[in-house]
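One structure below.
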Amino acid sequence: MGTTTAPSTRDRILDAATELFYAHGIRAVSADKIIDRAGITKVTFYRHFRTKDTLVVAYLERQAAWERGALDSLRASVGDAEALHRFAASVGTEACKPGFRGCSFINAAAEYAEPGSPVRAVVAEHRAWYRQTFAEMADQLGVTDPQQASDELMMLRDGAMLAGYLDDPARVGSALDRAIFAVVDAGRPAGSRG
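Per numbering that gives the first Met the number 0, the sequence shown runs over residues 0 to 193.
What follows is the structure, given as structure tokens:
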């Protein structure tokens with residue numbers, strides 16, 4: 000039987016922040032609430048995160064790393080077409096989970112309106128990664144204008160996240176899948192569609 004390692008204090012703080020920020024919104028959650036949820040002292044909290052904004056940046060960076068790792072792993076294991084199918088399905092699955100509140104990055108951007116803030120910088124970097132990745136995937140699938148397809152896929156992803164929160168989440172995955180492949184098929188030369 001293997002031993003399990005307890006999460007580090009930093010990870011416990013991030014876990015508490017992730018749960019609270021996502022459920023209640025970033026601005027609505029005080030450092031004291033995170034400290035209480037993580038079961039630590041203020042001194043310990045501030046030793047790991049100088050400010051709440053520093054914690055917000057770390058929270059988003061960790062979420063970005065998880066999303067990137069998941070999509071990169073899918074691409075490597077099943078190829079780009081199947082990765083897009085599974086991506087759509089995973090958005091649909093997430094949207095159906097209790098407590099789903101949409102995209103962490105869109106939510107953070109709504110709360111941090113200042114374009115020059117470190118939080119907005121993390122959001123912009125992650126969105127740029129998605130656009131680049133979608134462009135690479137579209138290119139691999141024979142789309143003639145992968146940048147245009149990438150912009151369209153990004154809008155579909157954003158819309159699916161909002162629809163999952165505001166509309167019937169059970170329909171999100173299949174609708175996103177159809178829309179993704181409508182963009183891909185429309186972007187391919189006529190002889191290679193299908």
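Virtual Cβ for every residue (Gly too), placed ideally from N, Cα, C.
Taking only the alpha-carbon atoms, compute the straight-line gap between residue i and residue j and give it to the nearest angstrom.
i, j, result
"Leu-152", "Asp-176", "10 Å"
"Lys-32", "Gln-139", "46 Å"
"Leu-54", "Ala-112", "17 Å"
"Asp-166", "Thr-92", "14 Å"
"Cys-95", "Ala-169", "6 Å"
"Thr-50", "Leu-59", "15 Å"
"Gly-141", "Pro-188", "8 Å"
"Phe-48", "Val-42", "10 Å"
"Glu-81", "Arg-46", "44 Å"
"Ile-179", "Asp-157", "12 Å"
"Pro-25", "Arg-130", "Checking the sequence shown, residue 25 turns out to be Ile, not Pro. Rounded to whole angstroms, Ile-25 to Arg-130 spans 25 Å at the Cα level."
For residue i, tell me which candidate among the options has the shortest Cα-Cα distance.
i, options, result
"Ala-137", "Val-182, Arg-156, Val-77 and Cys-95", "Val-182"
"Phe-133", "Thr-40, Ala-107 and Phe-86", "Phe-86"
"His-23", "Thr-50, Arg-100 and Pro-145", "Arg-100"
"Ala-57", "Ile-12, Pro-6, Arg-156 and Ile-105", "Ile-12"
"Ala-148", "Ala-159, Gly-158 and Glu-135", "Glu-135"
"Leu-70", "Val-90, Lys-51, Glu-18 and Asp-52", "Val-90"
"His-125", "Asp-144, His-47 and Arg-67", "Arg-67"
"Ala-123", "Ala-63, Glu-18, Thr-8 and Ala-5", "Ala-63"
"Pro-145", "Gly-172, Arg-46, Asp-184 and Thr-17", "Asp-184"
"Glu-110", "Ala-27, Ser-72, Gln-131 and Gly-158", "Ala-27"
"Thr-17", "Ala-5, Arg-61, Ala-162 and Met-154", "Arg-61"
"Gly-98", "Gly-163, Ser-116 and Ser-76", "Gly-163"
If contacts are defined as beta-carbon pairs under 8 Å, then residue i and residue j qualify, I think. What distance do you get, rounded to the angstrom?
i, j, result
"Ala-107", "Val-118", "6 Å"
"Phe-44", "Ala-30", "6 Å"
Can you find a CB in chain D that lies within less than 9 Å of the CB of residue i?
i, result
"Glu-93", "The question asks about chain D, but that chain is absent: this structure has only one protein chain."
| request: Evaluate contact between the segment 28-43 and the segment 91-107, counting only Cβ atoms and requiring at least three cross-stretch pairs below 8 Å. | output: no
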